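Report on the structure given below.
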Amino acid sequence: MAVSDERSKTLGDFMMNQTIRELLGRLGGLPVAVTELEDSADLYAAGLSSFASVQLMLGIEEAFDIEFPDNLLNRKSFASIAAIEETVSMILKAREVA
Amino acid sequence: MDMQVSFLDRLFEAGLLIDTGVDGLYGRSGEFEEVIAAFERLIDRIGGGDGAEAMRFPPGMNRAYFETSGYMKSFPQLAGTVHSFCGNELDHMGLLKCMEVGEDWTEGQEATDIVLTPAACYPLYPTVARRGRLPAAGGLFDLQSYCFRHEPSKDPARQQLFRMREYVCMGTESQVTDFRQRWMDRGVEMMKSIGLEVTIDIANDPFFGRAGKMLANNQRDQNLKFELLIPITSSAKPTACMSFNYHQDAFGTKWGLYLEDGSTAHTACVGFGLERIALALFHTHGLKTKEWPEDVRAALWG
Numbered sequence: 017m018a019v020s021d022e023r024s025k026t027l028g029d030f031m032m033n034q035t036i037r038e039l040l041g042r043l044g045g046l047p048v049a050v051t052e053l054e055d056s057a058d059l060y061a062a063g064l065s066s067f068a069s070v071q072l073m074l075g076i077e078e079a080f081d082i083e084f085p086d087n088l089l090n091r092k093s094f095a096s097i098a099a100i101e102e103t104v105s106m107i108l109k110a111r112e113v114a
Numbered sequence: 082m083d084m085q086v087s088f089l090d091r092l093f094e095a096g097l098l099i100d101t102g103v104d105g106l107y108g109r110s111g112e113f114e115e116v117i118a119a120f121e122r123l124i125d126r127i128g129g130g131d132g133a134e135a136m137r138f139p140p141g142m143n144r145a146y147f148e149t150s151g152y153m154k155s156f157p158q159l160a161g162t163v164h165s166f167c168g169n170e171l172d173h174m175g176l177l178k179c180m181e182v183g184e185d186w187t188e189g190q191e192a193t194d195i196v197l198t199p200a201a202c203y204p205l206y207p208t209v210a211r212r213g214r215l216p217a218a219g220g221l222f223d224l225q226s227y228c229f230r231h232e233p234s235k236d237p238a239r240q241q242l243f244r245m246r247e248y249v250c251m252g253t254e255s256q257v258t259d260f261r262q263r264w265m266d267r268g269v270e271m272m273k274s275i276g277l278e279v280t281i282d283i284a285n286d287p288f289f290g291r292a293g294k295m296l297a298n299n300q301r302d303q304n305l306k307f308e309l310l311i312p313i314t315s316s317a318k319p320t321a322c323m324s325f326n327y328h329q330d331a332f333g334t335k336w337g338l339y340l341e342d343g344s345t346a347h348t349a350c351v352g353f354g355l356e357r358i359a360l361a362l363f364h365t366h367g368l369k370t371k372e373w374p375e376d377v378r379a380a381l382w383g
């Protein structure tokens, strides 16, 4: 049903957001608290190093049981919490279709 | 026929490189060394006026500095560590016994405080950091060292022990990116003057594994590394003979390199692969330096 689908999608999005924030807090090595960051905040400006972004990538792969394809292994995919959500959703969606 | 093997065989036959039985580990003839010496003098003529401070380190570096550098995060597959026998007399007997019967005698070898230098500039950063803040004009350094990378290959342009000449600039973002651009322009001119056909392209380091794929993509996205390419063993895949690297403030932060005003220094380095440049010259102009074109000889030997 449309209504419950909508609700479960929202809940799913919320959980994904929380998981990403938790991983970012643990692996991102940021000088600021993750709770201080908007979803759209520039993570590189917030202090995410190249190497930390790799740690984050590996953590996300494990948490969501996904593998980033080579074309998504770049700075853009990890530029903000929203960008990470979008990338993860895209990979999950591609898997559903496949 | 494999082009790479055949060029290597020709170099052996001509006596320019000397086979040691290990791929990528070669002796060099006097003629080969003369080319490297002449090219280094050309570098001196072009860059000498900049007033860089010259330092020469042996091809081994302090293991503690190597560990701090983070090299093992990115290139564990390329590193070479120096290990030595540190046992007692009984251990020595055991070692000799293993050698005698052809068993692994290296098991008891222990890591020393020395690691083979992976790039000429690696020992520089901690050395400069120890001096305190950089002067207002920043820092400019001239380095050359044999470097080690564990990548055995029959491509003579991919040796395991080779020499790298480097200039390293430390300063503000604009100081070091100007420095890098100046050497990209100079590099093209220099190679033209010795009759080498070059292209410059964006590049990435050979980071290890899938995580490395991301580091490589990041490096490219940010235009951090450029290479000057010259055909040696393949025209389709020319060889990087110079590289131009902007480290942003990564090394400044890692090593504590500060400018006079207390801000973190940005750094950039420009490297010449000396053996590769010599090989490009032999490949392009022939295996006998006496038969090289007059203008090339004049540019190198005056």
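If you're matching them up, the sequences are chains A and B in order. So in this note's numbering, the last one in the first sequence is 114, and the numbering has no gaps at all. So in this note's numbering, the last one in the second sequence is 383, and the numbering has no gaps at all. Idealized CB from N, CA, C, for every residue including glycine. Because the structure is a prediction, the values reported are computed rather than measured.
Would the stretch 97 to 108 of chain B count as touching the stretch 158 to 175 of chain B if we require 3 or more Cβ pairs under 8 Å?
No, they do not touch.
Which residue or residues does DSSP assign as beta-bridge partners of residue 108/B?
Taking the second sequence and counting its residues from 1, the one referred to as residue 108/B is at position 27. According to DSSP, residue pairing for residue 108/B in a beta bridge involves 99/B.
Measure from the C-beta of residue 295/B to each C-beta in chain A and report whether the shortest distance is under 9 Å.
Here residue 295/B refers to the residue found at position 214 of the second sequence. With respect to chain A, the C-beta atom of residue 295/B has a partner C-beta closer than 9 Å.
Is any non-hydrogen atom of the ligand ADP found closer than 8 Å to the C-beta of residue 218/B, if you look at the structure I gave you?
In the structure on display, the ligand ADP does not appear, and there are no ligands present to speak of.
Cα-Cα separation, residue 258/B to residue 334/B
The sequence position of residue 258/B within the second sequence is 177, counting from 1. The sequence position of residue 334/B within the second sequence is 253, counting from 1. Taking the straight line joining both Cα atoms gives about 17 Å.
Could you give the distance in angstroms between the alpha-carbon of residue 91/A and the alpha-carbon of residue 309/B?
As a first step, residue 91/A must be located in the first sequence, where it is residue number 75. As a first step, residue 309/B must be located in the second sequence, where it is residue number 228. Inter-residue distance for residue 91/A and residue 309/B is about 25 Å (C-alpha atoms, whole angstroms).
Kindly indicate the opening and closing residues of the beta strand (DSSP E) around residue 308/B.
Reading the second sequence from its first residue, position 227 is the one you call residue 308/B. Membership of residue 308/B in the beta strand (DSSP E) is indicated by the continuous run 306 to 311.
Looking at residue 237/B and residue 314/B, is the spacing between their C-beta atoms short of 9 Å?
If you number the second sequence from 1, residue 314/B lands on position 233. If you number the second sequence from 1, residue 237/B lands on position 156. Yes, these two residues count as a Cβ contact at 9 Å.
Give the secondary structure of residue 18/A by DSSP, where H, G and I count as helix, E and B as strand, and everything else as coil.
Taking the first residue of the first sequence as 1, we reach residue 18/A at position 2. At residue 18/A, the pLDDT of 46 sits below 50, so the modelled position is not reliable; the number obtained from the coordinates is stated separately. Helix at residue 18/A.
Would DSSP call residue 89/B helix, strand or coil?
As a working mapping, residue 89/B is identified with position 8 in the second sequence. DSSP places residue 89/B in helix when its eight states are reduced to three.
Taking C-beta pairs closer than 8 Å, name the residues in chain A that residue 135/B reaches, listed in chain order.
Residue numbering aside, residue 135/B sits at position 54 when the second sequence is read from its first letter. Chain A residues near residue 135/B: none, gap ~31 Å exceeds 8 Å.
Should residue 226/B go down as buried or exposed, given a rule of 16 or more other Cβ atoms within 10 Å for buried?
What you label residue 226/B is simply residue 145 of the second sequence in a count that begins at 1. That one is buried.
In the DSSP assignment, what residue or residues form a beta bridge with residue 348/B?
Translated into the one-based positions of the second sequence, residue 348/B becomes position 267. Its beta-bridge partners are 251/B.
Residue span of the alpha helix (DSSP H) that contains residue 292/B, given as start and end
Start at 1 with the first residue of the second sequence, and residue 292/B comes out as number 211. Residues 290 to 302.
Using 8 Å as the Cβ pair cut-off and three pairs as the minimum, do the stretch 272 to 288 of chain B and the stretch 81 to 98 of chain A touch?
Taking a cut-off of 8 Å on C-beta distances, the stretch 272 to 288 of chain B does not touch the stretch 81 to 98 of chain A, as fewer than three cross pairs fall below it.
So which residues on chain C does residue 73/A lean against when the C-beta distance must stay under 9 Å?
In the displayed structure, chain C is absent; the protein chains listed are A and B.
Which residues in the same chain have their Cβ closer than 6 Å to the Cβ of residue 107/A, if we skip the five residues on either side of it in sequence?
Reading the first sequence from its first residue, position 91 is the one you call residue 107/A. The residues are 82.
At a CB-CB cut-off below 7 Å, which residues of chain B make contact with residue 70/A?
By 1-based counting over the first sequence, the position of residue 70/A is 54. Chain B residues near residue 70/A: 292, 295 and 296.
Among 247/B, 235/B and 215/B, the one whose alpha carbon lies nearest that of residue 323/B:
As a first step, residue 323/B is located in the second sequence; it is residue number 242 there, counting from the start. Ranking the options by Cα distance to residue 323/B, first place goes to 247/B.
Which of the residues in the stretch 81 to 101 of chain A, read from start to end, lie with their CB under 7 Å from any CB of chain B?
Here the close residues are 86, 89, 90 and 91.
Contacting residues, own chain, Cβ-Cβ under 8 Å from residue 20/A (five flanking each side not counted):
Within the first sequence, the letter at position 4 stands for residue 20/A. Caution applies to residue 20/A, whose pLDDT of 49 falls short of 50 and renders its modelled position unreliable; the model cannot decide the point.
What are the residues of the stretch 45 to 66 of chain A that lie near chain B, defined by any Cβ-Cβ distance shorter than 7 Å?
Residues passing the 7 Å Cβ filter: 66.
Using DSSP's beta-bridge definition, name the partner residues of residue 221/B.
Start at 1 with the first residue of the second sequence, and residue 221/B comes out as number 140. Beta-bridge partners of residue 221/B (DSSP): 250/B.
Consult DSSP for residue 322/B and reduce its assignment to one of helix, strand or coil.
In the second sequence, the residue the question calls residue 322/B occupies position 241. Strand at residue 322/B.
State whether the stretch 66 to 82 of chain A contacts the stretch 293 to 313 of chain B, with contact taken as three or more CB pairs (one from each stretch) at a distance under 8 Å.
Enough Cβ pairs lie closer than 8 Å, so yes.
Rounded to whole angstroms, what's the CA-CA distance from residue 299/B to residue 329/B? Just pull it up for me.
Reading the second sequence from its first residue, position 218 is the one you call residue 299/B. Reading the second sequence from its first residue, position 248 is the one you call residue 329/B. Whole-angstrom Cα-Cα distance: 13 Å.
Beta-bridge pairing of residue 274/B - partner residues as DSSP gives them
Looking up residue 274/B in the second sequence gives position 193. In the DSSP assignment, residue 274/B is bridged to no other residue.
If the cut-off is 9 Å on Cβ atoms, which residues from the stretch 143 to 176 of chain B count as contacting chain A, listed in chain order?
Result list: 151, 154 and 155.
Straight-line CA distance for residue 101/A to residue 359/B?
Locating residue 101/A in the first sequence gives position 85, counting from the first residue. Locating residue 359/B in the second sequence gives position 278, counting from the first residue. In a straight line, the C-alpha of residue 101/A is about 50 Å away from that of residue 359/B.
Quick one: give me the first and last residue of the beta strand (DSSP E) that residue 197/B is part of.
The residue labelled residue 197/B in the question sits at position 116 within the second sequence. Its beta strand (DSSP E) spans residues 190 to 197.
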